[in-house]
Structures are given as structure tokens and as C-alpha cells.
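S.K.: Here's a structure for you.
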Amino acid sequence: MRPDNTAALIAAAKSRSELTRAKAVRALRELDRQGTAITFEAVATAAGVSRSWLYGQPDIREQIQRLRDATRPAPHGRIPARQRASSASVLTRLEAALHRNRELTGENQRLRRQLAHALGEQRAPAQDDPGLSSETDPPRRSSVTIRP
1093 MRPDNTAALI AAAKSRSELT RAKAVRALRE LDRQGTAITF EAVATAAGVS
1143 RSWLYGQPDI REQIQRLRDA TRPAPHGRIP ARQRASSASV LTRLEAALHR
1193 NRELTGENQR LRRQLAHALG EQRAPAQDDP GLSSETDPPR RSSVTIRP
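In the working numbering, the protein residues as written are 1093 to 1240.
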């Protein structure tokens, strides 16, 4: 009678499965690091596994789909996951930009008021002193428009 070596077969199958899984994860990370388009075909080719095996692994399939969807819209090249801005980072940058815009708007309004005041002071002496000769004064415009 032959000896029962099912334990060795099970251990070998488990080891082969773990090795295959590690190759797929390593290939996925490497493709993402390089900025290469993430597809099931690309991961299967890089890892040396079948696409059907990848589809059968729920966690790896989810990672591939997530990375594929995240990198799909970029027309000029793929951005690796570690270089992409998080939602919180984008919101923080947006809030900072809005705050800076409000500051600049306030500064522009203040400067316009100062300019209008300075222009008003320049006009005031000529209007206040009727004894000045209008023949020597250069012609003046009736109004000044300040545009943004």
C-alpha cells in the first residue's frame, strides 16, 4: 500500500498559491510605481499568472479595479498612487486658495479706495483755488475710471 502524502501535496499547493499571490501583488505595485496603465492583462503578464486567476482573487481584483479607475482619466500619463493627492489634501489646498482670494480681493478694494482718494486730492486744489490761471493748466478730464 502506498503512503499517504496528502499533507505534502496540500503544503505544496499552499506554497504555490502564496508564491503566485506574492508575484501578482508585486507586479501590481511595480506597475503602479512606474505609472503604467493598470489592467488585468498588464498585471497578469507582469506576474506570469492568468487573468482568470486574478479575477478569482477578490482582494487583488478590487485593487486592480480601484487603481484602473483612479488612473484611467489622466491623458498625459499615469500618476502612481503614492503621488496622488488625497481628498483631504485637495480640500485643504482649495480652502487655502479661497482664503488667499478673499485676502487679495480685500487688498484690491483697499487699494482702489486709496487711489480714488489720492486722485480726489489731486483734483481738489485746482477746484478750490479759482485764482489759478486755467490757461497754464493742462486740460483735465472730467472723470477717471478705475478698472480691475
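C-beta atoms are modelled at their ideal positions from N, C-alpha and C, and glycine is treated no differently.
Computed from a prediction, not measured in an experiment: that's the story for all the values here.
Name the residue from Ile1171, Gly1148, Arg1205, Arg1204 whose alpha carbon lies nearest to the alpha carbon of Arg1249.
M.R.: Because the chain spans 1093 through 1240 in this model, residue 1249 falls outside it and cannot be assessed.
S.K.: Whole angstroms are fine: how far does the CA of Leu1111 sit from the CA of Ala1103?
M.R.: Against the sequence shown, residue 1103 aligns to sequence position 11. Against the sequence shown, residue 1111 aligns to sequence position 19. Distance between the alpha carbons of Ala1103 and Leu1111: 12 Å.
S.K.: For Ser1142, which residues of its own chain have a beta-carbon under 8 Å away from its beta-carbon, when the five flanking residues on both sides are left out?
M.R.: Residue 1142 sits at position 50 when you count from the first residue of the sequence shown. Closer than 8 Å at the Cβ level, and outside the excluded window around Ser1142, lie Ala1136.
S.K.: With the cut-off set at 7 Å, would you say Arg1170 and Ala1129 are in Cβ contact?
M.R.: The count along the sequence shown starts at 1 and reaches residue 1170 at position 78. The count along the sequence shown starts at 1 and reaches residue 1129 at position 37. Taking 7 Å as the Cβ cut-off, Arg1170 and Ala1129 qualify as a contacting pair.
S.K.: Please report the residue range of the alpha helix (DSSP H) in which Ser1109 lies.
M.R.: Locating residue 1109 in the sequence shown gives position 17, where the first residue counts as 1. Looking at the DSSP string, the run of the alpha helix (DSSP H) that includes Ser1109 is 1098 to 1126.
S.K.: Given a cut-off of 7 Å on the beta-carbon distance, is the pair Ala1139 and Lys1106 in contact?
M.R.: Taking the sequence shown and counting its residues from 1, the one referred to as residue 1139 is at position 47. Taking the sequence shown and counting its residues from 1, the one referred to as residue 1106 is at position 14. Going by C-beta atoms, Ala1139 is not nearer than 7 Å to Lys1106.
S.K.: Just the Cα atoms here: how many angstroms apart are Gly1212 and Arg1204?
M.R.: Here residue 1212 is taken as the residue at index 120 of the sequence shown, counted from 1. Here residue 1204 is taken as the residue at index 112 of the sequence shown, counted from 1. Going from the Cα of Gly1212 to the Cα of Arg1204 covers about 12 Å.
S.K.: Looking at the secondary structure, which residues open and close the alpha helix (DSSP H) in which Ala1136 lies?
M.R.: Counting from 1 along the sequence shown, the entry for residue 1136 is found at position 44. Where Ala1136 is concerned, the enclosing alpha helix (DSSP H) stretches over 1132 to 1139.
S.K.: In the structure shown, what three-state DSSP assignment does Leu1172 receive?
M.R.: By one-based count along the sequence shown, residue 1172 stands at place 80. The question names Leu, but residue 1172 is Pro in the sequence shown. Pro1172: coil per DSSP, three-state reduction.
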